[in-house]
Amino acid sequence: MIPPDLSCPFETPDGLESNDIQATAYEIFFTSCRSSPGFGGRNAIQFYSSDGENSVGVGSSRFKRAVGLKMLKRSLSSRRNNPKPASIRRPRRPLTSAEIMREQMMVSEASDNRLRKTLMRTLVGQTGRRAETIILPLELIRHLKPTEFNDSNEYHIWQRRQLKTLEVGLLLYPSNPLDKADNLALSLRDIIRSSTAKPIDIEKTSEAMRTICHCVVSLAWRSADGSSTDICHWADGYSFNATLYVSLLNSVFDLKDETCVLDEVDELLELMKKTWPTLGFNKPMHDLCFTWVFFQRYVLTGQVEENLLSASLAMLTEVANDSKKADKEPTYIKMLSSVLTCVTVWCEKRLMDYHGSFSERTIGAMEHILPLFFSATRILEEDVHVDKREVASESAGNRVDQYTRSSLQHAFSKMVENGINAISRKMSFQLVCETLVRLAQETEELALKEMRSFSMILKKWHPISAGVAAATLHSCYGAMLKQFLTCNSDITNEMLAVLQRADKLEKLLVKMVVEDSVECEDGGKAVFREMVLYDIDSIIVKFLGQSVNGRLKRIRVVLHRAEEAETWNPKSKTEPYSHSAVELVKQAREVVLSFFENPISVSEDLVHEFANGIEEILGDYNGFIASCGSKENYIPTLPPLTRCSRDSRLIKLWKKATPCAVTGFNPYNLGVGLGLGLGIMGLEEEGHNNSRPSTSRGTQRLYIRLNTLHYLLSQLTPLDKCLCHPSRIIHSHKNHHHPHFEHTRSAIMAATHHVSEVAAYRLIFIDSNSVLYGTLYEGHVVNARITPALKVLKQNLTLLCAIVTERAQPLAIKEVLKASFEAYLMVLIAGGNARSFSIADHEMIEEDLKLLKRVFASYGEGVALGLMSAEAVDKEAETVEVVVELMGRTTEQLLEDFTALYPCEGSDLPLPVPPTTGKWSCSDPDTILRVLCHRKDRVANLFLKTTFNLAKRT
């Protein structure tokens, strides 16, 4: 039975078992040899015992010497008939070649006698008839009666075999092509199928028998071109003939020792040649089949007898000579391709995993398998006409290179599977590290075994096979190491042990390549080029970088959480900044401290990289804090320029009736429900002059942002100190230490200014709108003075100082000052239709400005010394004072100043208004024009109407 990993080159005839094939092969063999001595002819050749008298014919086998097989020292008849010691046994009649063949093919005497009777009956009067003209199965069916068998069942089985043999030889594997619709073939097939249930009637008068004879004879005596032929074709179709002949060749092996060839093989082979005409065989086919038989026998007997491989290789040499002949038959080419393909496939499978296929006891077989494979491959490539795309020509060195790599990869994979099961996820980190250290040790042992044993054999075909093996193992372990490193983000003592053991393994493998490449033409450069060195130092540096990235990700997680959930409420009374900032700084500090707990020195560049990563995250958080809009969102747009109209009579009468009327606003009804208020900071007071701040909740949240920025700023220095670890940092000679986070400091300061500005403008233009820009000086100045607004402003400043940390207060109050002055300025020159001023109002406005300035100056002196100096207040009020001064000038003087800056005479009227620059000053025509637009004066009104055609206020 052929093992599953060895394909049979010949198709197995359907319906015929191996014993059926063997019986048919013996019948053909006996018929072909019937005239030879021992088969019915005279003077049978007898084989005597080699240790007795008359030991003729078995002293030496020419064939066995040719293929390198040893003699058995004793003849088959001696081993079969003389089990007793030589001193007491009696000489017995030696076996004839016919008897040897019958025993080897396990044919019973009854079957042999029936065969002899059939031939005697068939050849009555035809003693000179050639065997290849006899359709043996048909003659056996015709001449043997059921009575010559033990019972009807035995006869039925025997007849079915003969009929099946005819079907296989004539219908399934015909020598000449057969039309599937051939009537004779259809009739024969029907009769054969009908014999399944019971035997067919073989009487001469039987219709079935006459049909069988007619069909069989007609089909067997066909020729390829339709001409007459002197040979019948019933057993010479491929691959039926090859299967039969292989069965004959297998008979030369000793039944009691399947690895041994009989010493009588020469005579048996000579007799087998007589079957060639019947089987359509010739010497090239014989050589090819014998090559296969030796090879198959080696595989079937456990791959332990190397002499069988040697014999197969010797026969393959004959095949190589045969294949060079130009007159090769198509059938032979087909047989050659099939046999050699099966041989090469099996050999290559073993060579692709020679570590698994050969042990130290059987490694010698490689010395035969390699030349056998290369010889067979060369014949396929050079002498079998196959598509070159199907058989790619490769040098022996390239193939050995491929086998070395494949086998070492298989060996390494098995080592991994047996030892660690591919590093199971359930394994602890420490166990994984220990396993990788052990795997490196086993890989080293595997490399030494390769160099000590297999490479000595492979070197004949590949001069640096050991170097290739070392490079392969280097790659295999490198892949495991890479997988391990990919699954981890922290470096530990256990990991360092893995890396150090990998470094030791790499040095050994590199040494193997160097030593194996001494005699190589290129010095092993090709192998060296494919070895991607582990470079453990770089791996450690890279891994430290990955560790940095992993830690930075943990900090960034806190940042993302803050971006999604931060409400800008204070963490507590004592910590008036956001909780997310505390968490962010805490996480940054923890990851930095844990980073330096690693038992390894790090470069200064890596520390800078770590610091830059933290700085980037802090920068993003800083940007998140500063993403609160801009002051422009709160500054009202400038209303269109209009001219003041004189009061109507009704308005004049109403003013006389209510000289002390005010606008009716209550500044304390504003923003109380909006603010985080004094309550959240624990500062709420009862009855504080009946006045409460108007600071809204949104503005107070901006104060918390401001505090958060100053908290971050205060944490940069401690965090920088954590990054300065002298015992673990390898300082560069090129770089001098400088503090980290300088860019973050600058960015935080800019963000602090921005948030302070936004908070101030929101406080003044939104929260305090109803007491300042929204109502100040509406109607008449005398009735809408600034005092109520100042009371609210003072309360807002008090709340600001209660919420904002001391370090942040100066800038926050300064920005409130700027916003207040800008709001006051807009009341004067961009107050809209509800505001108009006369020169008589100048004194009150000037007085209100002084009161506004005094609030900030006195607040700085009284509440927090040094918070805001009088000089600083005066400097910020310069622009407002310029506009107030313009309001004190007469209309005529204003017109004179304006026309000096913006000439109007000699031009077509109306003129376009001068552009708004936003740079308010006495030298800006737009500033003077806006003062004129708010001047309640007939001259100003007429000028604006005639010069610019400005609309009258409604």
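Using the numbering used here, the letters of the sequence shown map in sequence onto residues 186 to 1139. The beta-carbon is built from N, C-alpha and C at its ideal position, and this holds for glycine as well. Please read these numbers as outputs of a predicted model, since none were measured by experiment.
Length of the line joining the Cα atoms of residue i and residue j
| i | j | result |
| --- | --- | --- |
| G549 | F597 | 22 Å |
| L961 | Q900 | 44 Å |
| W406 | L355 | 10 Å |
| E1077 | P1099 | 19 Å |
| H745 | K1104 | 42 Å |
| S360 | D415 | 14 Å |
| V1067 | T1112 | 10 Å |
| A499 | A511 | 22 Å |
| F1006 | R886 | 23 Å |
| S296 | T547 | 42 Å |
| L308 | W461 | 20 Å |
| D1026 | G1073 | 8 Å |
| Y958 | A1008 | 6 Å |
| P222 | L304 | 16 Å |
| R378 | K349 | 9 Å |
| L863 | E1000 | Confidence at L863 is low in this model, with a pLDDT of 39, below 50, so the placement of that residue is unreliable and no value is reported for it. |
| P878 | P973 | 12 Å |
| V292 | V431 | 17 Å |
| E801 | S732 | 17 Å |
| K976 | A1042 | 15 Å |
| D586 | K644 | 10 Å |
| L681 | K816 | 56 Å |
| C813 | L984 | 20 Å |
| E212 | S580 | 46 Å |
Heavy atom of the ligand PLP within 8 Å of residue i beta-carbon
| i | result |
| --- | --- |
| S613 | No copy of the ligand PLP occurs in the structure displayed, which carries no ligand at all. |
Integer-rounded CB distance, given that residue j should sit under 8 Å from residue i
| i | j | result |
| --- | --- | --- |
| C532 | Q594 | The pair is not a contact, with the Cβ atoms about 19 Å apart (cut-off 8 Å). |
| I285 | L429 | Actually they are not in contact, since the Cβ atoms of I285 and L429 sit about 19 Å apart, beyond 8 Å. |
| S1021 | H1119 | 6 Å |
| A561 | F195 | So it is not a contact: roughly 17 Å between Cβ atoms. |
| A654 | A632 | 7 Å |
| A750 | L769 | Going by Cβ atoms, the distance from A750 to L769 rounds to 13 Å, so no, they are not a contact pair. |
| L690 | T589 | Going by Cβ atoms, the distance from L690 to T589 rounds to 18 Å, so no, they are not a contact pair. |
For residue i, the residue or residues it bridges with in DSSP
| i | result |
| --- | --- |
| V446 | F438 |
| K1130 | Its beta-bridge partners do not exist; DSSP assigns none. |
| F1022 | R1120 |
| R828 | K1137 |
Test item: CB-CB of residue i and residue j under 9 Å
| i | j | result |
| --- | --- | --- |
| P1095 | F1128 | no |
| A945 | L1013 | no |
| L433 | S282 | no |
| N880 | L948 | Checking the sequence shown, residue 880 turns out to be Thr, not Asn. Contact flag set, yes. |
| I649 | S702 | yes |
| A811 | L894 | yes |
| M716 | H659 | yes |
| F559 | R584 | yes |
| K302 | H341 | no |
| K255 | V450 | no |
| L494 | I564 | no |
| L897 | V777 | no |
| I459 | F214 | The question names Ile, but residue 459 in the sequence shown is Lys. The answer is yes: Cβ separation under 9 Å. |
| T990 | L904 | no |
| E352 | L373 | yes |
| A505 | F479 | no |
| G883 | E963 | no |
| N1158 | G798 | This structure gives no information on residue 1158, because the portion of the chain shown stretches from 186 to 1139. |
| R247 | A316 | no |
| Y762 | I951 | no |
| L729 | R686 | no |
| A1062 | L1034 | yes |
Practice task
Let me know the alpha helix (DSSP H) ranges lying completely inside the stretch 487 to 551, each 4 residues or longer, listed in chain order.
Solution key: 491 to 508, 515 to 536, 539 to 542
Exercise for the section: Would you list, in sequence order, the uninterrupted alpha helix (DSSP H) runs of no fewer than 4 residues that lie entirely inside the stretch 621 to 678? Expected result: 640 to 643, 650 to 671
Practice task
Can you check the stretch 1070 to 1104 for any alpha helix (DSSP H) of at least 4 residues that lies completely inside it and give the ranges in chain order?
Solution key: 1076 to 1086
Handout entry: Minimum length 4: unbroken alpha helix (DSSP H) runs contained in the stretch 401 to 441
Key = Segments of the alpha helix (DSSP H) lying fully in the stretch 401 to 441: 425 to 434.
Exercise for the section: For the stretch 931 to 988, list the alpha helix (DSSP H) runs that are entirely contained and at least 4 residues long, ordered along the chain. Expected result: 972 to 988
Practice task
Please list the segments of the alpha helix (DSSP H) lying wholly inside the stretch 719 to 803, counting only runs of 4 or more residues, in order along the chain.
Solution key: 721 to 750, 764 to 780
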